[in-house]
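Heads up: the protein sequence lines correspond to chains A and B, in order. Under my numbering, the letters of the first sequence match residues 3 to 115, in that order. Under my numbering, the letters of the second sequence match residues 423 to 531, in that order.
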Amino acid sequence: DTEVTQTPKHLVMGMTNKKSLKCEQHMGHRAMYWYKQKAKKPPELMFVYSYEKLSINESVPSRFSPECPNSSLLNLHLHALQPEDSALYLCASSQEGVNTEAFFGQGTRLTVV
Amino acid sequence: RKEVEQDPGPFNVPEGATVAFNCTYSNSASQSFFWYRQDCRKEPKLLMSVYSSGNEDGRFTAQLNRASQYISLLIRDSKLSDSATYLCVVNKSSYKLIFGSGTRLLVRP
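Below you can see the structure in the form of structure tokens.
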């Protein structure tokens, strides 16, 4: 069972809606990630937080806004999304350092209508 | 050229077969390597890290060849439950995991 918890598991939103995805981990990891995965494609990195500070933004459109309220929580705020943003959004966490593996949550399956 | 390349498959093998996947990476400065497994509509799950000396976990053996920049995964005595997509993952720099496109494995009875 994953120790990274994401809510909600499924989300349908209109293009004018504002919604948030939530992620929580209690493994003491200091790095947390957002990935986006389209069908039959690998996960693509969106954002990385290290020690609660944004360290990587992979040129993600501003309609996606990450937030790290504390070391255990990671949010992704969504606003004015497009239908092509429909995907599986995965949160992950890891220890700091280059040789550490990342652990993924079950994901939020987002549909934009 | 993609940073991490895998044969997409599918590899269709009978139960009990041995199957091997390869993965190549382009950045010689890559520092760590992993195999993840992903079931349909589920999250990726860590299968094993890959060490320079090679490592084994039960029926699974992973090898790293830094000189040729490839990683391999060998699965012995395939089970039906091994059917999944296997993702090769390379840590390009701190916190930047790069995923290959995955190799799909189908194990048939």
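All C-beta atoms, glycine included, are put in the ideal place defined by N, C-alpha and C. Bear in mind the structure is a predicted one, so any value in this text is a computation, not a measurement.
8 Å is my cut-off, CB to CB: does Leu75(A) come that close to chain B? Position 73 of the first sequence, counting from 1, holds the residue named residue 75(A). False, the Cβ-Cβ gap to chain B never drops below 8 Å.
Partners in chain A for Glu465(B), counting only beta-carbon separations shorter than 7 Å: Here the question's residue 465(B) lines up with position 43 in the second sequence. The CB of Glu465(B) comes closer than 7 Å to the CB of Thr4, Leu92, Phe106, Gly107, Gln108, Gly109 in chain A, given here in chain order.
Top-ranked residue by Cα proximity to Leu92(A), from His81(A), Glu86(A), Ala82(A), Asn77(A): For this step, residue 92(A) is matched to residue 90 along the first sequence. Just measuring C-alpha positions, the residue of His81(A), Glu86(A), Ala82(A), Asn77(A) sitting nearest Leu92(A) is Asn77(A).
Hey, would you say Glu427(B) sits closer than 8 Å to Gly522(B), going by beta carbons? To locate residue 427(B), count along the second sequence from 1; it is residue 5. To locate residue 522(B), count along the second sequence from 1; it is residue 100. The Cβ-Cβ distance between Glu427(B) and Gly522(B) falls below 8 Å.
Which two residues bound the contiguous beta strand (DSSP E) that contains Met48(A)? On the first sequence, residue 48(A) is found 46 positions in, with the first residue counted as 1. Element bounds for Met48(A): 46-52.
Between Glu2(A) and Gln27(A), is the Cβ-Cβ spacing less than 8 Å? The requested residue 2(A) does not occur in the structure, where chain A is confined to residues 3 to 115.
Own chain, CB closer than 7 Å to Ala89(A), minus 5 neighbours either side, in chain order: Within the first sequence, the letter at position 87 stands for residue 89(A). Counting only Cβ-Cβ distances below 7 Å, and skipping sequence neighbours, we find Lys38, Gln39, Lys40, Leu112.
Which runs of the beta strand (DSSP E) fall wholly inside the region 444-503 of chain B and span at least 3 residues, in chain order? Counting only runs of 3 or more, we get 454-460, 466-472, 477-479, 482-487, 492-497.
Pro85(A): buried (16+ other C-beta within 10 angstroms of its C-beta) or exposed? Indexing the first sequence from 1 puts residue 85(A) at position 83. Exposed, by the Cβ-count rule.
Using the beta-carbon of each residue, which ones in chain A are nearer than 8 Å to Lys543(B)? Nothing about residue 543(B) can be reported from this structure: the residues present for chain B run from 423 to 531 only.
Using a Cβ distance threshold of 8 Å, determine whether the region 58-77 of chain A contacts the region 424-440 of chain B, with at least three qualifying pairs required. Pairwise C-beta distances place the region 58-77 of chain A out of contact with the region 424-440 of chain B, as fewer than three of them are shorter than 8 Å.
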